[in-house]
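Taken in sequence, the protein lines are chains F and U.
Sequential numbering from 52 applies to the first sequence in the working numbering.
Sequential numbering from 330 applies to the second sequence in the working numbering.
Input: a single structure, listed below in structure tokens.
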Amino acid sequence: MSSFYQLEFEKPLLELDRQIEEAEADLKRAGGVSPESSSPDALAIGSRVDALRARRAQTLIDVYSNLTAWEVVQVARHPKRPQTRDYIDLLCRDFCELHGDRRFGDDPAMVTGFARIGPHRVLIVGHQKGRTTQEKIACHFGCAHPEGYRKAMLKMKLAEKFRLPIITFVDTPGAYPGIGAEERGQAEAIAYNLREMSDLRTPILSVVIGEGGSGGALGIAVADRVAMMQYAWYSVISPEGCAAILWKQANKTTNTAAAESLKLTAADNLRLGIIDRVITEPVGAAHRDPAAAAKAIEQWILVSLPELERLNADELIARRYDRFRAMGAVTETASA
Amino acid sequence: MTQTANRTWTEVKTPRRAVIPEGLWLRCPSCASMVYRKQMELNLHCCPECNHHFRIGADERIRQLVDQDTFEPMFQNLAPSDPLNFVDLKGYPERLAAEQKRAKALDGCRAGTGFIKGRAAVLACLDLHFMMGSMGSVVGEIVTRSIELATERDLPLIVVSCSGGARMQESGLSLMQMAKTSAALARFDRKGGLYISVLTDPTTGGVTASFAMLGDVIIAEPKALIGFAGPRVIQQTIRQELPEGFQRSEYVQESGFVDRVVPRSQLRNELARVIDYAGK
């Protein structure tokens, strides 16, 4: 576990891991614990190991149930956190990837393709951040270009044509800010997706699996139901971006304050009515047990899809419209 | 030796210049000539020397675009709240109160119906003077209601954008305004409505990435900054010089995302022309 990427607030765990390792070494030297022959010494050490393990398990629960918003952002960005392709491997069968936007190119930061989940044939759309350095660079760390958003829309129209439900996995720090992206109409690509998604005559489910960074996230998240993983974040701007603008500097203190103010956690977004469901992650977050995280997502999909498929297309898009139409905090005063 | 030889510079008192009343003259940021403010204002807030387009607020924009005394303001009773309890260096309610007092409006979008050269239309103008024209719940709601009004009455819709983007102080709710306005435009589009989007300096962020870029016809004022990410963010990301004129109207037109760059003096004519061509 020593090579495992460590988060600052996980330091108590690191210390316990060290103690457990030591105790285990002691136990080995004392001859180990077995039903046939155990020295009283070994038995004592053995129970110490058990106690330490129990304490570690409890500490993990404690640490993860008291995360600040800024710490949640760090969990959401954990390099071992499952990404779109991991979830495709874990919960889809027979994934048939479809590349390219037929306009400019194929953006690896946006993954699209047909797949089977349970009894359903679906279209998968998701941001991909990349795992290896090479892949990360190719994916611009999950920041899609306009061709990525156009690719997503092209395939979603395909899904509409064949009446396949759409599942989107949101995981991006934001749409890519660069010269080429601007020249090829980043804003137009996202705006077009927002408008067209609101009108797609097929069910759409979105899950924010890691980072839900602003318009780049929303560009594939105008859905009938939106869920967030427990330790994902979703907001109009990253805490660093917000701190740099409103606090004039981004450091740990201001980032923490900004993350708090932005109300970006899953629980906050649920309270604000922006999402419909928080998907509980395994103890110690999804990166400790990706299969369990995938299972939880699958369950939500399997419950939600039949409910949406019961509606006819007109009713479906009417409800989708109402869902977003109701969003916002507006007070009607008597006069201007 | 004369007396002057003993004088040091610190003692020299230059005679005070005749006092110029505050703001009577101003320097054009583009051509650097001194401009008489009144003359600039009479010239639709453009520099009389170089035609630099000064930024204007929503009220002035409406005065310029709509036939005199035909504008009927709407939705101005909608007030923002502080759903997030947002606190940065200042609390959001505190910021709002200051802006509301200064702008004499509840939030940053003026909307209503009026006539443009005799053609009835729904007009919504973002107000740069209210929190940089940022889009929170109220701006999103007013734009959406304007779209719905235009849909209902089958009137052409004109939205004049100028915005720093989505309003951070309402976080996720601001973000959702992008989806809300775009969804309303989808319905308007399906009904065959005409939507003219006018982009003015600056139009960036969440406003560009939603209703501003969804016009049937997109018109931009000259040299307006138009983009998704701000130039500073892009520069920090790619760490190289940005090309000349990058993200300015003319450049964006060349990239294919603006239909026409139209100077302010021609805007009214052009809007009327497009309305006529669409047969609305």
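Ideal Cβ positions, reconstructed from N, Cα and C, are used throughout, including at glycine.
Every value quoted in this text rests on a predicted model; they were computed, and no experiment measured them.
For residue i, go through chain F and note every residue whose CB falls closer than 8 Å to its CB, in chain order.
i	result
Asp-396 (chain U)	Those within 8 Å of Asp-396 (chain U) in chain F number zero; the least Cβ separation is about 22 Å.
Phe-557 (chain U)	Ala-226, Pro-228, Ala-232, Glu-233, Gln-237, Ala-238, Ile-241 and Gly-266
Ile-563 (chain U)	Pro-228, Gly-229, Ile-230 and Glu-233
Ala-663 (chain U)	Outside the shown range of chain U, which is 330 to 609, sits residue 663 (chain U), and nothing can be said about it.
Thr-442 (chain U)	None at all; the shortest Cβ gap to chain F is about 16 Å.
Pop quiz: residue i and residue j are said to be a contact at Cβ under 8 Å. What is the actual Cβ separation, rounded to whole angstroms?
i	j	result
Arg-519 (chain U)	Leu-554 (chain U)	Actually they do not touch by this definition, with Cβ atoms about 32 Å apart.
Leu-142 (chain F)	Thr-163 (chain F)	Not quite, the Cβ-Cβ distance comes to about 16 Å (not below 8 Å), so this is no contact.
Ala-160 (chain F)	Asp-145 (chain F)	Incorrect: roughly 24 Å between the Cβ atoms, too far for contact.
Thr-399 (chain U)	Phe-444 (chain U)	4 Å
Cys-360 (chain U)	Cys-379 (chain U)	4 Å
Asp-456 (chain U)	Gly-437 (chain U)	4 Å
Gly-169 (chain F)	Leu-323 (chain F)	Gly-169 (chain F) to Leu-323 (chain F), Cβ: 30 Å. No contact.
Ser-539 (chain U)	Leu-245 (chain F)	6 Å
Ala-278 (chain F)	Ile-326 (chain F)	6 Å
Pro-485 (chain U)	Ala-607 (chain U)	7 Å
Gly-379 (chain F)	Glu-470 (chain U)	6 Å
Gly-270 (chain F)	Tyr-200 (chain F)	5 Å
Asp-158 (chain F)	His-129 (chain F)	Between His-129 (chain F) and Asp-158 (chain F) the Cβ distance is about 24 Å, and since that is not below 8 Å, they are no contact.
Could you name the residues of chain U that residue i contacts, counting a contact when the two beta carbons are closer than 7 Å?
i	result
Met-378 (chain F)	Leu-502, Met-505 and Lys-509
Tyr-440 (chain F)	Only positions 52 to 387 of chain F appear in the structure, and residue 440 (chain F) is not among them; the question remains open.
Phe-375 (chain F)	Met-505, Ala-508, Lys-509 and Ala-512
Leu-323 (chain F)	Pro-412, Gly-501 and Leu-502
Leu-269 (chain F)	Leu-504, Met-507 and Ala-508
Do residue j and residue i have their beta-carbon atoms positioned less than 8 Å apart in this structure?
i	j	result
Ser-492 (chain U)	Ala-440 (chain U)	no
Ile-330 (chain F)	Gln-281 (chain F)	yes
Gly-261 (chain F)	Asp-222 (chain F)	yes
Cys-190 (chain F)	Lys-202 (chain F)	no
Leu-67 (chain F)	Leu-103 (chain F)	yes
Val-273 (chain F)	Ser-249 (chain F)	yes
Ala-513 (chain U)	Glu-481 (chain U)	no
Lys-212 (chain F)	Leu-174 (chain F)	no
Glu-198 (chain F)	Gly-156 (chain F)	yes
Leu-398 (chain F)	Ser-286 (chain F)	Nothing can be reported for residue 398 (chain F), as the shown portion of chain F is limited to 52 through 387.
Ile-563 (chain U)	Asp-588 (chain U)	no
Ser-503 (chain U)	Val-527 (chain U)	no
Gln-453 (chain U)	Leu-435 (chain U)	It is worth fixing the name first, because residue 453 (chain U) is Ala in this sequence and not Gln. Going by C-beta atoms, Ala-453 (chain U) is not nearer than 8 Å to Leu-435 (chain U).
Arg-370 (chain F)	Trp-351 (chain F)	no
Closest to residue i by CA distance: which of the options is it?
i	options	result
Asp-275 (chain F)	F:Phe-146, F:Val-124 and F:Tyr-372	F:Tyr-372
Val-416 (chain U)	F:Tyr-138, F:Ala-294, F:Ala-377 and F:Arg-376	F:Ala-294
Gln-565 (chain U)	F:Ile-230, F:Pro-133 and F:Ala-309	F:Ile-230
Arg-374 (chain F)	U:Val-467, U:Lys-509 and U:Arg-356	U:Lys-509
Asp-152 (chain F)	F:Arg-235, F:Pro-341 and F:Leu-65	F:Arg-235
Pro-333 (chain F)	F:Glu-72, F:Leu-64 and F:Ser-116	F:Ser-116
Ala-108 (chain F)	F:Met-378, F:Leu-65, F:Leu-245 and F:Trp-121	F:Leu-65
Met-12 (chain F)	F:Glu-383, F:Trp-284 and F:Val-176	This structure cannot settle anything about residue 12 (chain F), because the visible part of chain F is limited to 52 through 387.
Lys-395 (chain F)	F:Ile-139, F:Gln-57 and F:Pro-91	Because chain F spans 52 through 387 in this model, residue 395 (chain F) falls outside it and cannot be assessed.
Ala-138 (chain F)	F:Met-279, F:Pro-341, F:Thr-382 and F:Glu-247	It is Tyr, not Ala, that sits at residue 138 (chain F) in the sequence shown. Selected option, being the one with the closest Cα: F:Pro-341.
Val-488 (chain U)	U:Leu-543, U:His-382 and U:Gly-352	U:Leu-543
Val-258 (chain F)	F:Trp-284, F:Arg-106, F:Ala-238 and F:Leu-94	F:Trp-284
Phe-459 (chain U)	U:Lys-446, U:Ala-426, U:Arg-561 and U:Ser-584	U:Ala-426
Arg-597 (chain U)	U:Lys-446, U:Met-507, U:Lys-419 and U:Tyr-524	U:Lys-446
Pro-63 (chain F)	F:Arg-99, F:Thr-110, F:Ser-98 and F:Asp-101	F:Thr-110
Leu-394 (chain U)	U:Arg-356, U:Asn-406, U:Val-451 and U:Leu-413	U:Val-451
His-171 (chain F)	F:Val-84, F:Ala-377 and F:Leu-359	F:Leu-359
Ala-242 (chain F)	U:Gly-574, U:Ala-541 and U:Tyr-524	U:Ala-541
Just the chain F side, please: which residues come within less than 7 Å of residue i by C-beta, in chain order?
i	result
Phe-586 (chain U)	Gly-236 and Glu-239
Met-542 (chain U)	Ala-238, Glu-239 and Ala-242
Met-461 (chain U)	Simply none; closest approach about 10 Å.
Asp-417 (chain U)	Leu-297, Trp-298 and Ser-312
Gln-582 (chain U)	Residues of chain F passing the Cβ test: none, with the nearest at roughly 12 Å.
Thr-537 (chain U)	Ala-238
Ile-567 (chain U)	Gly-229 and Ile-230
Give the residues of chain F in contact with residue i, contact being defined as C-beta atoms less than 9 Å apart.
i	result
Glu-573 (chain U)	Per Cβ cutoff of 9 Å: no residues; Glu-573 (chain U) is ~12 Å from chain F at best.
Leu-478 (chain U)	Here the premise fails: no neighbours, minimum Cβ distance about 14 Å.
Glu-470 (chain U)	Gly-379 and Val-381
Ser-410 (chain U)	Ala-380, Val-381 and Thr-382
Ser-466 (chain U)	Met-378, Gly-379, Ala-380 and Val-381
Under 9 Å between beta-carbons, which chain U residues line up against residue i? List them in chain order, please.
i	result
Asp-250 (chain F)	Ala-512, Ala-515, Arg-516, Asp-518 and Arg-519
Give the residues of chain U in contact with residue i, contact being defined as C-beta atoms less than 8 Å apart.
i	result
Arg-328 (chain F)	In chain order: nothing, as chain U lies at least about 15 Å away.
Ser-296 (chain F)	At residue 296 (chain F) the sequence reads Ile, which differs from the Ser that was named. Going along chain U in sequence order, the residues near Ile-296 (chain F) (Cβ under 8 Å) are Met-497.
Val-273 (chain F)	Ala-508, Ser-511 and Ala-512
Glu-320 (chain F)	Correcting the residue identity first, residue 320 (chain F) is Asn in this sequence and not Glu. Under the 8 Å cutoff, chain U gives Gly-501.
| task | Could you tell me whether the region 544–562 of chain U touches the region 245–256 of chain F, using the rule of 3 or more Cβ pairs below 8 Å? | result | no
| Between the region 528–547 of chain U and the region 493–510 of chain U, are three or more C-beta pairs nearer than 8 Å? | yes
| query | Three or more C-beta pairs closer than 8 Å, one from the region 456–469 of chain U and one from the region 353–373 of chain U: is that the case here? | reply | no
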